[in-house]
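Here's the structure we're looking at; comments come further down.
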């Protein structure tokens, strides 16, 4: 894998989570790894400063979600990367096409087995409750519901998937009580 570092300075890991990204960079021998769950424009400024002060160290910037302003700011860094700096994006859902075009895209095939495991969760009340209430943050809840929607559509349960999409829409627009929302989702899935 280290041979890729000679050719590319930016990677996009599709179907990945933080753990997958950490596993991906394991063998690269980076001296320093800087992680950003959510990259903001101020973080990009810090990245620039950090890359200018650590000229002799192999640095990896591990990036989850990224705002629109931060994407425009990081584009320059990706186009002309400082020496010994690499950028790994592991949640590329809303990345600009210009960023995609400057990165090596690596598709991980982890989603299929994950979806297969969750299909069984839908059939078991206790497992479904455990899955739903294991989703803590708003973004995790949205992602978790989206995954359930895909499974429901695959199983032909389109009406239930549509209900869940409405929950996603409402959750994005309003600050809802987590427990009430998750219990309503559970009840709608048991109908």
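Residue numbers (my numbering): 64 to 254. Backbone N, C-alpha and C define an ideal beta-carbon position, used for all residues, glycine too.
When C-alpha distances from residue 120 are compared across 222, 130 and 147, the shortest belongs to 147. Residue 152 is bridged by DSSP to 75 and 126.
With 16 or more other Cβ atoms from the protein chains shown falling within 10 Å of its own Cβ, residue 191 counts as buried. A Cβ-Cβ distance of about 5 Å is found for the pair residue 125 and residue 84, placing them in contact under the 8 Å criterion. Between residue 107 and residue 75, the gap from beta carbon to beta carbon reaches 8 Å or more.
Here residue 150 is not near residue 79, since their CB atoms are 8 Å or more apart. According to DSSP, residue 169 shares a beta bridge with 76. Of the candidates 249, 91 and 103, the residue whose Cα lies closest to the Cα of residue 184 is 249.
Looking at the backbone, the Cα of residue 247 and that of residue 111 are separated by about 45 Å.
A distance below 6 Å between beta-carbons, with the five flanking residues on each side excluded, links residue 209 to no residue of its chain. DSSP, read as helix, strand or coil, puts residue 241 in helix.
Excluding its 5 nearest sequence neighbours in each direction, residue 128 has C-beta neighbours in its own chain below 6 Å: 101 and 154, listed in chain order.
The three-state reading of DSSP puts residue 102 in strand, counting E and B together. Nearest in C-alpha terms to residue 194, of all of 207, 135, 202 and 200, is 207.
When DSSP states are grouped into helix, strand and coil, residue 220 belongs to the coil group. Per DSSP, the continuous alpha helix (DSSP H) segment holding residue 131 begins and ends at 131-142.
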